[in-house]
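In my numbering, the protein residues as written are 1014 to 1636.
C-beta atoms are modelled at their ideal positions from N, C-alpha and C, and glycine is treated no differently.
Computed from a predicted structure; not experimentally measured.
Here is the structure we will look at.
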């Protein structure tokens, strides 16, 4: 029997002519790699295009890499779930890019050191061990960060072309896309990446603007007035204001986005690699200044497509409304990443939908090639080469880099099929990236602007940055008993439909202990928005983890609680029984974990540098 999702994807206008358009584009991209192979003979050319990229080509390749299909998908997802309030992410990104373009913050000074990678700077400033550790942290966070790129790109193609999402189509598309990217990245290196980025930037820019226009004003579009009215009806003020009381964002999230704006421009290796490939400091600043416009648009337009998809689902497609926003609480909603591609598949005419799909595949490839080359280069230049004390010649380094590109490609294929986290893709990327960039910010900012920064402080900051991984849902599920304010396992004493009763937990009787506990709650738990364990009526919105007597486990959000009882809307795995156990915790947002990690790494970096100064600093102080 055909599933509702399969039926939804099959109602697309994608036809034969569209497949021809996509095929022609893909052949063009691969041909470029073979054409430029002759120019990739040394590591500098392979990695940074010979440091000869001009302003406008630099703008295109910077934007092309950062405006990938993953960007379109996660931005559309945010627009679908949060409405116009999601626009603040793009606005902040543009403002920060402009500020960096005007000031040259971090990137100009980094380029002056004539390095190929950020960890290479670590060695110049802090020593070889810091470079190797920094390379490991960068590779670890970066590989996790891009782990879902392939799957999300394939989901778009499956959704818009009408393939069967319940079959093997998703896996087949993932393999084909990966193979194409591997071919021209392995063969051509940064030169082919820059050239294809330019072509893809042009195609994608035109394609996404046309798609946005038709989504609103086209024959099947949602209409300008209906767009705002529907968002207002279903989301209220939270659909327009990111800091509204009911908003899923808030001030904390906005602050997190500002820091991520700095990261994306001045710390993220794929962007920095393009900065280091520029022909001059002046062209670098112009690159960022002009890219500020595209940095904002690259997220706002896909946000708008997501908003349009939401309006279309809620007003024009009852079948899709049952998929993505079912009225029955017992029915699980389909992954809303499919919403935007299914929407475009229904409203765009044949021929044009092929061009848009080619543009989106272009976006996918432009991001993937840059990321594959970036992480493979980091591992080669900053982990493997330093271990051999720089005795590797250029041909060997290029060969190792090419092998690593293939291995990384196989990893992201596996990870895309394996990972089952429930967070939005943008939030997943922010958390995984934070494993690297929270420590990198301290090392780069401190090393470039503070003369007392030490290698010990740098190592400690890099290690502390790993704590950002606790922002991921599956990790919190695994360590939830250690989250401040969490409630350890209690025996279930009675059950009634979706309600469970459990062993009581009582407030301490002794005044001293109670006062001390209150102090801990006020100063430690409050920042986490955790309720006091003995406040049995404050568990709404918490996560209950029920463990059966045979070892099976399930988690569910608490709908309401009182006394020693808690109620869920439904049990996704099994019906709890007397004798099972339940524990409770309040999930921490990725934004909160990220901000806390930033503060923690900066504190550790400064403290470690002051307590353990480098030898030269000690000698200067003694003199």
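Assigned secondary structure, residue i (DSSP; H/G/I helix, E/B strand, else coil)
i: residue 1509; result: strand
i: residue 957; result: Because the chain in this structure spans residues 1014 to 1636, residue 957 falls outside the shown range and cannot be described.
i: residue 1091; result: helix
i: residue 1025; result: coil
i: residue 1553; result: coil
i: residue 1587; result: coil
i: residue 1415; result: helix
i: residue 1176; result: coil
i: residue 1432; result: coil
i: residue 1439; result: helix
i: residue 1382; result: helix
i: residue 1136; result: helix
i: residue 1563; result: coil
i: residue 1101; result: helix
i: residue 1493; result: helix
i: residue 1363; result: coil
i: residue 1254; result: coil
Residue burial classification, residue i (beta-carbon count within 10 angstroms, cutoff 16)
i: residue 1216; result: buried
i: residue 1592; result: exposed
i: residue 1381; result: buried
i: residue 1067; result: Any answer about residue 1067 is weak, because its pLDDT of 49 lies below 50 and its placement is not dependable; what the coordinates show is given next. Answer is exposed; the Cβ neighbour count stays below 16.
i: residue 1127; result: exposed
i: residue 1509; result: exposed
i: residue 1377; result: buried
i: residue 1555; result: buried
i: residue 1038; result: buried
i: residue 1388; result: buried
i: residue 1137; result: exposed
i: residue 1020; result: exposed
i: residue 1090; result: buried
i: residue 1300; result: buried
i: residue 1084; result: buried
i: residue 1500; result: buried
i: residue 1671; result: With the chain running from 1014 to 1636 in the structure shown, residue 1671 is simply not present.
i: residue 1586; result: exposed
i: residue 1620; result: exposed
i: residue 1529; result: Residue placement at residue 1529 cannot be trusted, given a pLDDT of 48 that sits under 50; what the coordinates show is reported in the next sentence. Answer is exposed; the Cβ neighbour count stays below 16.
i: residue 1226; result: exposed
Euclidean distance between Cα positions of residue i and residue j
i: residue 1281; j: residue 1578; result: 47 Å
i: residue 1434; j: residue 1245; result: 30 Å
i: residue 1271; j: residue 1488; result: 25 Å
i: residue 1432; j: residue 1295; result: 43 Å
i: residue 1448; j: residue 1146; result: 13 Å
i: residue 1600; j: residue 1265; result: 15 Å
i: residue 1176; j: residue 1025; result: 10 Å
i: residue 1566; j: residue 1559; result: 6 Å
i: residue 1285; j: residue 1278; result: 7 Å
i: residue 1188; j: residue 1502; result: 43 Å
i: residue 1400; j: residue 1627; result: 22 Å
i: residue 1491; j: residue 1139; result: 35 Å
i: residue 1150; j: residue 1475; result: 7 Å
i: residue 1405; j: residue 1486; result: 41 Å
i: residue 1061; j: residue 1283; result: Confidence is the limiting factor: at residue 1061 the pLDDT is only 44, short of 50, which leaves the residue's position unreliable and the question unanswerable from this model.
i: residue 1154; j: residue 1390; result: 15 Å
i: residue 1507; j: residue 1497; result: 27 Å
i: residue 1461; j: residue 1292; result: 21 Å
i: residue 1574; j: residue 1086; result: 36 Å
i: residue 1276; j: residue 1580; result: 41 Å
i: residue 1116; j: residue 1310; result: 22 Å
i: residue 1179; j: residue 1028; result: 20 Å
i: residue 1538; j: residue 1263; result: Only weak support exists for where residue 1538 lies, its pLDDT of 49 falling under 50; the coordinates are left without a value.
i: residue 1059; j: residue 1144; result: Reliability of the predicted coordinates at residue 1059 is poor, the pLDDT of 43 falling under 50, and the value obtained from them is presented with this limitation in mind. Spanning the two alpha carbons is a distance of roughly 21 Å.
According to DSSP, residues forming a beta bridge with residue i
i: residue 1578; result: 1514, 1575
i: residue 1503; result: 1595
i: residue 1568; result: 1558
Residue i CB to nearest heavy atom of the ligand ATP below 8 Å
i: residue 1572; result: This structure simply doesn't include the ligand ATP, nor any ligand for that matter.
Q. Quick check: the region 1154–1173 against the region 1435–1443, are there 3 or more CB pairs under 8 Å?
A. yes
Q. Can we say the region 1325–1342 touches the region 1365–1372, given the rule of at least three CB pairs closer than 8 Å?
A. no
Q.
Assess contact between the region 1308–1321 and the region 1112–1131, defined as three or more Cβ pairs (one per stretch) separated by less than 8 Å. Is contact present?
A. no
(Q) Using 8 Å as the cut-off, can you tell me whether the region 1460–1469 makes contact with the region 1402–1421, which would need three or more C-beta pairs spanning the two stretches below that distance? (A) no
Q: Spell out a yes or no on whether the region 1474–1486 and the region 1177–1195 are touching, meaning 3 or more CB-CB pairs, one atom from each, closer than 8 Å.
A: no
Q.
With a threshold of 8 Å, are at least 3 pairs of Cβ atoms found where one atom belongs to the region 1445–1460 and the other to the region 1596–1616?
A. yes
(Q) Quick check: the region 1087–1097 against the region 1392–1403, are at least 3 beta-carbon pairs closer than 8 Å? (A) no
Q | At least three beta-carbon pairs within less than 8 Å, the region 1338–1355 to the region 1112–1126 | A | no
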